[in-house]
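Colleague: Quick note on numbering: the sequence shown equals residues 0 to 569 in the working numbering. The structure is given below, and queries will be raised subsequently.
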Amino acid sequence: MEKYIIVIGGVISGVGKGVATASIGRILQEYGYSVIGIKIDPYINYDAGTLRPTEHGEVWVTDDGGEIDQDLGNYERFLNINIPKKNNITTGQIYSRVIQNERAGEYLGKTVQFIPHIPNEIKSRIRESAKGYDITLIEVGGTVGDYENIPFLFAIKGMEREIGKENVIYVLITYLPIPSHIEEMKTKPTQQAIKLLSQNGIIPDIILCRGIQKLDEIRRKKIETYANIKREYVISAPDIKLLYEIPLNFESEHLGEKILEKLCLKPKKMPDWKMWMEKLDNIKSPDKRIKIGMIGKYLENGDYSLKDVYISINEALIHAGARLKIGIDIEWIDSGKLKAQNSKLKTLERYDGIIIPGGFGIKGIEGKILAIKYARENKIPFLGLCLGMQLSVVEYARNVAGLTGAYTTEIDKNTQFPVVDILPSQKKIIESSRYGGTMRLGAYAANLKKDSLVYSLYEKQGRIESDMAQDLSADRIGKVSNQFVIERHRHRFEVNPKFVNILQDKGLVFSGWHIRSDGTKLMEFLELKDHPFFVATQSHPEFKSRFLHPAPLFLGFVEACTKKLKVKSK
Ligand code: GLN
């Protein structure tokens with residue numbers, strides 16, 4: 000029988016449900032179980048693809064082209080598995096499917112109602128995703144008490160009745176504030192969250208108590224008394240500096256064994272955290288630190304600026320640093336502030352490496368191009384991701400290949416040299432205003448140039464694929480030689496095939512390309528010779544970086560940054 004762990008948040012949002020869910024999964028893997036995660040997003044959007052980054056942070060992209068909430072990213076980073084888009088369930092998808100079924104006459108003339116049709120659809124989606132795994136973690140988005148959660152909690156409670164309580168456990172993640180004027184950790188909001196949850200017929204099996212400090216015995220006892228939950232199931236989860244330390248922190252209170260016991264399971268093996276701890280130690284006491292300049296749009300949300308939009312890149316850098324024992328300090332540079340001949344541009348000199356992440360729209364574009372030029376000319380290690388690659392092509396075309404005014408047609412439709420252009424298929428989509436889920440999304444294969452830096456980086460990490468036994472559909476694989484790599488994508492524009500030869504003749508090396516079944520070649524990687532590290536990709540390699548398995552390009556980049564450090568200190 001399949002087993003489920005339902006993770007629900009109480010008190011406030013942003014208590015780290017996603018990371019807690021991922022950590023629980025990681026622990027259970029150490030006990031020998033296969034696990035998978037499902038994220039429920041109770042919003043009506045069909046997916047996260049059309050959400051503004053300021054609304055919801057970075058959009059996560061799955062192999063099969065889903066545009067999803069970032070939590071799936073946490074699951075993949077911790078669990079080292081590829082999670083498909085069906086594992087993200089939104090209210091929009093549930094209603095859309097039920098309405099489609101109704102239109103197709105599948106309910107045989109019955110009145111279609113909230114109960115039973117909506118919970119039934121939720122249950123069938125959950126069970127579909129759980130198939131083939133020992134344990135399924137389901138993170139219910141939002142906070143208990145939200146109207147939007149109710150259908151999902153109702154469905155899950157129904158599933159519990161059908162498959163038995165021994166197969167479903169509930170983990171409540173709450174927050175215990177310490178108001179500054181009383182300097183005491185308060186349990187009342189947690190008590191209320193428990194009460195709200197009980198209105199859905201759910202009593203938590205385990206409570207994870209988030210807070211800036213550890214939970215003390217007095218408060219643990221208080222929760223025990225008010226929630227009627229034995230104190231050993233009330234787990235302290237204080238703020239912690241390193242995300243990847245959370246599983247170990249939970250394990251210090253034997254969370255894994257407690258969960259297994261509640262699910263009537265026995266450990267299949269005993270945990271071995273050696274590799275995980277080694278990586279953590281590398282982060283805690285690195286041999287040296289490097290400073291990375293991340294040049295992007297500075298996103299403001301009211302009085303706060305959102306750094307969440309580049310979360311996967313931050314994590315990918317941390318993963319590479321953990322492998323190489325290098326500390327990573329990221330500084331955010333607003334590309335809008337970089338102008339030719341201003342002193343701000345000169346300050347780029349102090350970075351050991353520069354990244355231009357993905358992005359959309361005109362804001363700050365010229366500043367990014369200037370930064371690329373600076374990195375190229377001053378031999379600062381450079382990594383360009385998606386838009387970062389497109390702008391590297393623009394910069395090279397303008398400043399090396401002599402194509403003055405070259406541009407991407409995303410910014411200037413009338414440029415004389417459209418070195419980056421929209422694909423004809425994408426043009427049609429845009430003309431009919433279909434914005435949701437219509438980019439080139441998800442994993443695609445790229446053939447690599449054998450004697451390139453990119454090839455050697457992927458080869459070193461064992462990331463060159465050579466068999467076709469991939470889960471990917473034929474159009475995602477395209478035409479490949481027997482050695483290729485797979486990375487995820489999210490874009491509409493491409494290096495214009497018409498300019499590839501011109502740029503190559505001027506020294507730009509395209510080190511990887513996807514070949515569509517109709518023969519169209521799409522450039523996927525570029526690099527420069529005579530530069531310590533100048534690499535860019537049309538893909539988002541950050542989506543395939545995991546804590547124990549860093550992404551090859553990020554490893555290469557971080558390593559190159561440490562070398563710049565050496566030159567400097569000579
Ligand atoms: N705006 C560019 C495109 O759509 C790049 C997208 C990205 O960086 N993810 O092609």
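Backbone N, C-alpha and C fix where the C-beta goes; we use that ideal spot for every residue, glycine too.
(1) Where do the ends of the alpha helix (DSSP H) carrying H571 lie?
(2) Between the Cα of F153 and those of L136, E120 and L175, spot the shortest distance and give me the residue it belongs to.
(3) May I have the straight-line CA-CA distance separating A559 from D145, to the nearest angstrom?
(4) Keeping to the same chain, check which residues put their C-beta closer than 7 Å to that of S568; ignore five residues upstream and five downstream.
(5) Which class does P237 belong to by DSSP, given the choice of helix, strand or coil?
(6) Please tell me whether, using a cut-off of 7 Å, the distance from the CB of F153 to the nearest non-hydrogen atom of ligand 1 is below it.
(7) Indicate, with yes or no, if ligand 2 has a heavy atom lying under 7 Å from the CB of R487.
(8) Can the beta-carbon of R209 be found less than 8 Å from the beta-carbon of A236?
(9) Please determine whether the Cβ atom of Q69 lies at a distance below 7 Å from any heavy atom of ligand 1.
(10) With respect to the alpha helix (DSSP H) encompassing L78, which residues constitute its N-terminal and C-terminal limits?
(11) Do you know offhand how far Y406's Cα is from Y395's?
(12) Which ranges would you report for the alpha helix (DSSP H) in the region 198–238 if only whole runs of at least 4 residues count?
(13) Just to confirm, does R124 get its C-beta within under 7 Å of one of the non-hydrogen atoms of ligand 1?
(14) If you compare alpha carbons, which of E523, Q425, I329 and L247 is closest to A21?
(15) In terms of residue numbering, what span does the beta strand (DSSP E) encompassing W512 cover?
(16) If you measure between the beta carbons of I125 and I117, is that distance less than 8 Å?
(17) Considering only DSSP beta bridges, list what E464 is partnered with.
(18) Pick out whichever of P380, Y443, R491 and K290 has its Cα sitting closest to the Cα of D529.
(19) In the DSSP assignment, find the alpha helix (DSSP H) that holds I23 and state where it starts and stops.
(20) Hey, how far is the Cα of I26 from the Cα of S451?
(21) Out of K273, W275, W272 and E256, point me to the one whose CA is closest to P266's CA.
(22) Could you tell me the boundaries of the alpha helix (DSSP H) in which V249 lies?
(23) Let me check understanding here. Comparing Cα to Cα, which of N81, G64 and I43 lies closest to R475?
(24) With a CB to CB cut of under 8 Å and the five nearest residues on each side skipped, what residues in its chain are close to K345?
(25) Any idea what DSSP makes of K287, helix, strand or coil?
(26) Assign K427 to buried or exposed, taking buried as 16 or more other Cβ atoms, counted over all protein chains shown, within 10 Å of its Cβ.
(27) Looking at the strands, I want to know which residues DSSP matches up with R439.
(28) Quick one: give me the first and last residue of the alpha helix (DSSP H) that P118 is part of.
(29) Would DSSP call P417 helix, strand or coil?
(30) Taking 7 Å as the line, does the beta carbon of E365 fall inside it for any heavy atom of ligand 1?
(31) Relative to the C-alpha of L521, which candidate in F532, F509 and G8 has its C-alpha closest?
(32) Taking 7 Å as the cut-off, is the beta-carbon of G357 closer than that to any non-hydrogen atom of ligand 1?
(33) State the Cα-Cα distance for the pair L547 and Q537, rounded to the nearest angstrom.
(34) Give me the Cβ distance between L279 and Y243, rounded to the nearest whole Å; I'm assuming they're in contact under 8 Å.
(35) The beta strand (DSSP E) with N100 in it runs from where to where?
Modeller: Concretely, from the data shown:
(1) One cannot answer for residue 571 here, as it falls past the ends of the chain, which runs 0 to 569.
(2) Here the question's residue 153 lines up with position 154 in the sequence shown. It is E120 whose Cα lies nearest to the Cα of F153.
(3) Position 560 of the sequence shown, counted from the first residue, corresponds to residue 559. Position 146 of the sequence shown, counted from the first residue, corresponds to residue 145. Roughly 48 Å separates the two Cα atoms.
(4) Counting from 1 along the sequence shown, the entry for residue 568 is found at position 569. For S568, the pLDDT reaches just 46, beneath the cut-off of 50, and the residue's location in the model is therefore unreliable, although a value from the coordinates is still provided. Here the set comprises nothing.
(5) The residue given as residue 237 occupies position 238 in the sequence shown. Correct three-state label for P237: strand.
(6) Counted from its first residue, the sequence shown places residue 153 at position 154. Outside the cutoff, so no.
(7) With respect to small molecules bound, the structure shown includes ligand 1 and not ligand 2.
(8) The residue labelled residue 209 in the question sits at position 210 within the sequence shown. The residue labelled residue 236 in the question sits at position 237 within the sequence shown. The answer is yes: Cβ separation under 8 Å.
(9) Your numbering for residue 69 matches position 70 in the sequence shown. Because no heavy atom of ligand 1 lies under 7 Å away, the Cβ of Q69 does not count as near it: no.
(10) The residue given as residue 78 occupies position 79 in the sequence shown. From DSSP, the alpha helix (DSSP H) with L78 extends over D70 to L78.
(11) For the purposes of this step, residue 406 is taken as the residue at position 407 of the sequence shown. For the purposes of this step, residue 395 is taken as the residue at position 396 of the sequence shown. Taking the straight line from one Cα to the other gives about 11 Å.
(12) 216–226
(13) Sequence index remark: in the sequence shown, residue 124 carries index 125 (1-based). Not under cutoff, so the answer is no.
(14) Locating residue 21 in the sequence shown gives position 22, where the first residue counts as 1. Among E523, Q425, I329 and L247, the Cα nearest to that of A21 belongs to L247.
(15) Start at 1 with the first residue of the sequence shown, and residue 512 comes out as number 513. It spans V508 to I514 - the beta strand (DSSP E) in which W512 sits, taken as one unbroken run.
(16) Residue numbering aside, residue 125 sits at position 126 when the sequence shown is read from its first letter. Residue numbering aside, residue 117 sits at position 118 when the sequence shown is read from its first letter. Contact flag unset, no.
(17) Taking the first residue of the sequence shown as position 1, residue 464 is located at position 465. Paired residue(s): F483.
(18) Sequence index remark: in the sequence shown, residue 529 carries index 530 (1-based). That would be P380, whose Cα lies nearest to the Cα of D529.
(19) Here residue 23 refers to the residue found at position 24 when the sequence shown is read from its first residue. That run of the alpha helix (DSSP H) goes K16 to E29.
(20) The residue given as residue 26 occupies position 27 in the sequence shown. The residue given as residue 451 occupies position 452 in the sequence shown. Approximately 39 Å between the Cα atoms of the pair.
(21) Reading the sequence shown from its first residue, position 267 is the one you call residue 266. It is E256.
(22) Numbered from its first residue, the sequence shown carries residue 249 at position 250. Checking the sequence, you will find Phe at residue 249 rather than Val. Looking at the DSSP string, the run of the alpha helix (DSSP H) that includes F249 is I245 to E250.
(23) Your numbering for residue 475 matches position 476 in the sequence shown. Checking every option, the nearest Cα to that of R475 belongs to G64.
(24) The residue given as residue 345 occupies position 346 in the sequence shown. None.
(25) As a working mapping, residue 287 is identified with position 288 in the sequence shown. It is a strand residue.
(26) On the sequence shown, residue 427 is found 428 positions in, with the first residue counted as 1. Label assigned to K427: exposed.
(27) The sequence position of residue 439 within the sequence shown is 440, counting from 1. Its beta-bridge partners are H490.
(28) The residue you call residue 118 lines up with position 119 of the sequence shown. Unbroken alpha helix (DSSP H) run through P118: F113 to A129.
(29) Within the sequence shown, residue 417 is the residue found at index 418, counting from 1. P417: strand per DSSP, three-state reduction.
(30) The sequence position of residue 365 within the sequence shown is 366, counting from 1. No - ligand 1 has no heavy atom lying nearer than 7 Å to the Cβ of E365.
(31) Sequence index remark: in the sequence shown, residue 521 carries index 522 (1-based). If we check each option's Cα against that of L521, F509 comes out closest.
(32) In the sequence shown, counting from the first residue as 1, residue 357 sits at position 358. Yes.
(33) On the sequence shown, residue 547 is found 548 positions in, with the first residue counted as 1. On the sequence shown, residue 537 is found 538 positions in, with the first residue counted as 1. Going from the Cα of L547 to the Cα of Q537 covers about 24 Å.
(34) Within the sequence shown, the letter at position 280 stands for residue 279. Within the sequence shown, the letter at position 244 stands for residue 243. Indeed, because the Cβ distance is near 6 Å, the residues count as touching under 8 Å.
(35) The sequence position of residue 100 within the sequence shown is 101, counting from 1. Careful: N100 lies outside any beta strand (DSSP E), inside the alpha helix (DSSP H) at T90 to R102.
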